[in-house]
Amino acid sequence: MSTVVNEVNRVTSENNRADQPIYQKLCDAVQEATLLARIQHLLEWDEQTKMPKAGGAYRADQMAYMAGLVHQKQTAPEIGEWLDQLVDSPLADDPTSDTGANIAHLRRDYDKKTRLPQSLVEQLAKACTLGQQVWVEARNADDFKKFQPNLEEILCLKREEAAALGYEQTPYDPLLDDYEPGESTANVARVLSELRDALVPLVQAIAESKQRPDASLLARSYPVEAQESFGIAAAKRIGFDFGAGRLDVTAHPFCTGLGPGDVRITTRYDEHAFSDAFFGILHETGHGLYDQGLPRKHYGLPIGEDVSLGIHESQSRMWENQVGRSRAFWEHFYPQAQAAFPAALKDVAKEEFYGAINDVRPSLVRVEADEVTYNLHILIRFELEQALIEDRLQVADLPGAWNEKYQHYLGITPPSDADGVLQDVHWSAGLFGYFPTYALGNLYSAQFFRQAAADLGDLDASFRKGDFSSLLSWLRENIHRHGRRYSPAELVERITGTPLQHEPLISQLTAKYGEIYGL
Ligand code: ZN
21 MSTVVNEVNR
31 VTSENNRADQ
41 PIYQKLCDAV
51 QEATLLARIQ
61 HLLEWDEQTK
71 MPKAGGAYRA
81 DQMAYMAGLV
91 HQKQTAPEIG
101 EWLDQLVDSP
111 LADDPTSDTG
121 ANIAHLRRDY
131 DKKTRLPQSL
141 VEQLAKACTL
151 GQQVWVEARN
161 ADDFKKFQPN
171 LEEILCLKRE
181 EAAALGYEQT
191 PYDPLLDDYE
201 PGESTANVAR
211 VLSELRDALV
221 PLVQAIAESK
231 QRPDASLLAR
241 SYPVEAQESF
251 GIAAAKRIGF
261 DFGAGRLDVT
271 AHPFCTGLGP
281 GDVRITTRYD
291 EHAFSDAFFG
301 ILHETGHGLY
311 DQGLPRKHYG
321 LPIGEDVSLG
331 IHESQSRMWE
341 NQVGRSRAFW
351 EHFYPQAQAA
361 FPAALKDVAK
371 EEFYGAINDV
381 RPSLVRVEAD
391 EVTYNLHILI
401 RFELEQALIE
411 DRLQVADLPG
421 AWNEKYQHYL
431 GITPPSDADG
441 VLQDVHWSAG
451 LFGYFPTYAL
461 GNLYSAQFFR
471 QAAADLGDLD
481 ASFRKGDFSS
491 LLSWLRENIH
501 RHGRRYSPAE
511 LVERITGTPL
521 QHEPLISQLT
531 AKYGEIYGL
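Take the sequence shown: its letters are residues 21 to 539, numbered as in the numbering used here.
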């Protein structure tokens with residue numbers, strides 16, 4: 021028996037040795053493609069934060085060129101040949117080992133990417149870069165018609181993309197799969213409808229409550245420079261390494277990784293809206309902490325990357341909501357907030373402030389929505405973009421459809437397209453299938469946080485002292501360090517012992533808002 025085992029081990033290690041040079045060539049090629057992709061991300065970051073407007077057309081050419089180059093590298097025929105050779109290798113035996121996970125993910129990504137013709141990739145990159153530039157102008161001018169032809173072109177190209185990738189149920193499926201690998205439109209629709217059914221009565225009960233916090237105190241004067249330094253101090257305190265990242269200003273906040281040791285986050289400031297920038301910074305910091313916690317030695321390979329957008333969003337939402345909107349967090353930070361904004365907060369008690377930052381009301385703008393109604397904003401976009409991709413809704417009719425849904429789900433109608441259909445950058449950037457990952461992020465976040473609290477004991481006691489390190493270490497240990505070793509579904513089940521469910525989020529929201537609104 022032991023002789024057989026030894027024989028197997030000997031053959032396995034010989035095969036390992038034989039396959040190692042091929043595996044190394046594969047890794048080198050993929051890391052070179054990542055290197056180029058990060059140069060492309062830098063061009064994009066610069067476009068959003070620093071580039072003068074007149075640089076736009078040439079930047080679009082540069083971005084299209086880089087997108088084509090990256091695609092060429094990622095889809096080089098030799099990568100396919102190496103993957104073919106490695107598929108039966110012992111290196112691929114265990115799909116959760118470093119080599120096995122890399123080979124499995126690269127195979128899947130390669131097969132998907134090689135289905136897209138390079139001309140389509142370049143057309144899409146150019147249309148989306150121009151689309152974003154025109155979107156900014158259209159949003160500023162509150163003029164949807166200006167953006168309409170760009171969106172029509174982008175949709176045409178996205179349908180071509182879905183057709184090239186292939187699908188059984190709906191062209192939305194292969195687009196969703198780009199952001200949440202392994203998820204299906206039907207399953208997301210089911211989970212979101214369960215969430216909606218549980219949320220609607222809670223939103224109604226809150227709306228009918230006589231006990232209401234006064235959110236107007238957040239619209240007092242909060243000088244922008246003080247907002248910036250207070251936001252940076254909070255980001256540092258929860259663990260963001262500014263030696264390996266920075267914060268800048270953009271029209272639409274985001275986080276992007278430009279390399280190991282270089283994570284960029286952005287926000288936007290409004291003197292009379294404290295929550296926008298502050299919770300925006302906590303949100304993007306949550307994304308940034310995930311990027312900073314990925315294993316650097318595997319940078320550029322799947323095992324060094326994030327799992328999915330939904331899992332990425334679970335990290336941002338946890339720091340923004342479960343942590344940043346908790347009473348314990350403000351027991352530590354409120355005295356500092358009062359010192360930073362004396363004119364606005366000197367006569368405001370901590371409890372009043374806690375109520376104000378947790379004010380729930382139907383609103384127009386997704387990124388400024390409270391954590392209870394937020395998922396209804398996602399549901400609206402999810403339904404509309406499925407209809408657009410499936411050609412059931414024409415772009416010309418989109419503003420009307422948008423307004424109808426806001427009336428139906430939230431009981432309000434946007435007074436302008438700038439605060440309505442033009443508010444999000446996603447469609448102008450061709451990001452169809454992206455929105456549902458925000459709601460998945462909220463669900464994952466609640467499920468992970470419940471487990472972290474069970475594993476770590478009294479998290480509030482640490483937060484009150486301004487100590488967030490035990491939660492961050494838990495996230496590093498359970499999520500960050502694994503990179504893309506597990507699928508989103510595997511990760512959730514592995515950490516929490518159950519599949520994705522809406523119950524933890526609903527029970528957290530019910531307990532918290534039941535107290536605030538006296539339900
Ligand atoms: Zn986010």
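Note that beta-carbon positions come from the ideal geometry of N, C-alpha and C, so glycine has one too. Just so it is clear, the structure is predicted and the values come from calculations on it, not from any experiment.
Selected residue, minimal CA-CA separation from residue i, among the options
| i | options | result |
| --- | --- | --- |
| Asp234 | Gln528, Pro435 and Ile377 | Ile377 |
| Phe19 | Gln138, Ser241 and Leu196 | Within the shown structure, residues of the chain are numbered from 21 to 539, placing residue 19 beyond reach of any answer. |
| Pro221 | Ile515, Ile59, Leu430 and Ala206 | Leu430 |
| Leu476 | Phe483, Gly486 and Trp494 | Trp494 |
| Ser249 | Phe262, Ala239 and Leu237 | Phe262 |
| Gly88 | Trp65, Asp66 and Gln60 | Gln60 |
| Asp411 | Val512, Cys176, Lys366 and Lys73 | Cys176 |
| Tyr289 | Ile409, Tyr85, Ala239 and Thr190 | Ala239 |
| Leu529 | Asn207, Lys73, Val223 and Ser139 | Val223 |
| Gly279 | Ala255, Pro315 and Gly259 | Pro315 |
| Pro419 | Asp437, Ile409 and Gln406 | Asp437 |
| Glu535 | Val385, Ser117 and Ser346 | Ser346 |
| Gln406 | Gln189, Gln92 and Ala53 | Gln189 |
| Val244 | Leu237, Asp296, Ser236 and Glu214 | Asp296 |
| Arg257 | Cys47, Ala472 and Ser482 | Ser482 |
| Glu67 | Leu126, Ala271, Thr433 and Arg37 | Ala271 |
Cβ shell of residue i (< 6 Å), same chain only, five flanking positions each side left out
| i | result |
| --- | --- |
| Ala531 | none |
| Gly313 | Arg496 and His500 |
| Ser465 | Ser334, Arg337 and Met338 |
| Ala225 | Leu539 |
| Glu351 | Arg484 |
| Ile526 | Ala218 |
| Ala49 | Ile99 |
Distance between residue j and residue i (C-alpha atoms, nearest Å)
| i | j | result |
| --- | --- | --- |
| Glu203 | Thr276 | 23 Å |
| Arg496 | Tyr310 | 8 Å |
| Val25 | Tyr199 | Model confidence at Val25 stands at a pLDDT of 47, short of 50, so the residue's coordinates are unreliable and nothing is read from them. |
| Lys166 | Val387 | 23 Å |
| Arg401 | Gln414 | 15 Å |
| Glu172 | Asp163 | 15 Å |
| Gln40 | Leu144 | 37 Å |
| Val368 | Arg484 | 19 Å |
| Thr23 | Glu513 | Reliability of the predicted coordinates at Thr23 is poor, the pLDDT of 47 falling under 50, and the value obtained from them is presented with this limitation in mind. Their backbone Cα atoms lie some 38 Å apart in a straight line. |
| His397 | Leu150 | 26 Å |
| Ile161 | Asp439 | As written in the sequence, residue 161 is Ala, which differs from the Ile given in the question. Roughly 11 Å between the two C-alpha positions. |
| Ala421 | Ala227 | 25 Å |
| Ser490 | Ser383 | 35 Å |
| Pro508 | Thr305 | 21 Å |
| Leu62 | Gln168 | 28 Å |
| Pro575 | Asn423 | There is no way to answer for residue 575, as the model of the chain reaches only from 21 to 539. |
| Ala360 | His446 | 34 Å |
| Val107 | Gln94 | 18 Å |
| Val28 | Trp102 | Low local confidence applies: a pLDDT of 47 at Val28 is under 50, so the model's placement there is unreliable, with the coordinate-based value given in what follows. Approximately 24 Å between the Cα atoms of the pair. |
| Asn207 | Leu520 | 11 Å |
| Ser229 | Gly375 | 14 Å |
| Tyr130 | Ala53 | 12 Å |
Beta-ladder partner(s) of residue i, from DSSP
| i | result |
| --- | --- |
| Ile285 | Leu267 and Cys275 |
Proximity of residue i and residue j at Cβ, strictly below 7 Å
| i | j | result |
| --- | --- | --- |
| Gly308 | Val269 | no |
| Gly461 | Gly330 | yes |
| Ser334 | Glu291 | no |
| Phe452 | Lys178 | yes |
| Leu111 | Tyr43 | yes |
| Tyr537 | Gln231 | yes |
| Phe543 | Gly251 | With the chain represented from 21 up to 539, any question about residue 543 goes unanswered, as that position is not in the structure. |
| Asn122 | Pro322 | yes |
| Leu55 | Val90 | no |
| Lys146 | Ala77 | no |
| Arg505 | Thr116 | yes |
| Ala348 | Asp480 | yes |
| Gly503 | Gly324 | yes |
| Gln443 | Val385 | yes |
| Glu214 | His522 | yes |
| Ala182 | Pro191 | yes |
Same chain, Cβ closer than 7 Å to residue i, neighbours up to 5 away in sequence not counted
| i | result |
| --- | --- |
| Tyr354 | Lys370 and Phe373 |
| Pro524 | Ala466, Gln467 and Arg470 |
| Asp193 | Tyr187, Ser204 and Thr205 |
| Arg266 | Arg284 |
| Gly344 | Phe299 and Leu302 |
| Val441 | Phe164, Leu418, Pro419 and Trp422 |
Nonlocal neighbours in the same chain, by C-beta distance under 8 Å from residue i, ignoring five residues either side
| i | result |
| --- | --- |
| Met21 | In this prediction, Met21 scores a pLDDT of 42, lower than 50, which makes its location untrustworthy; no coordinate-derived value is stated. |
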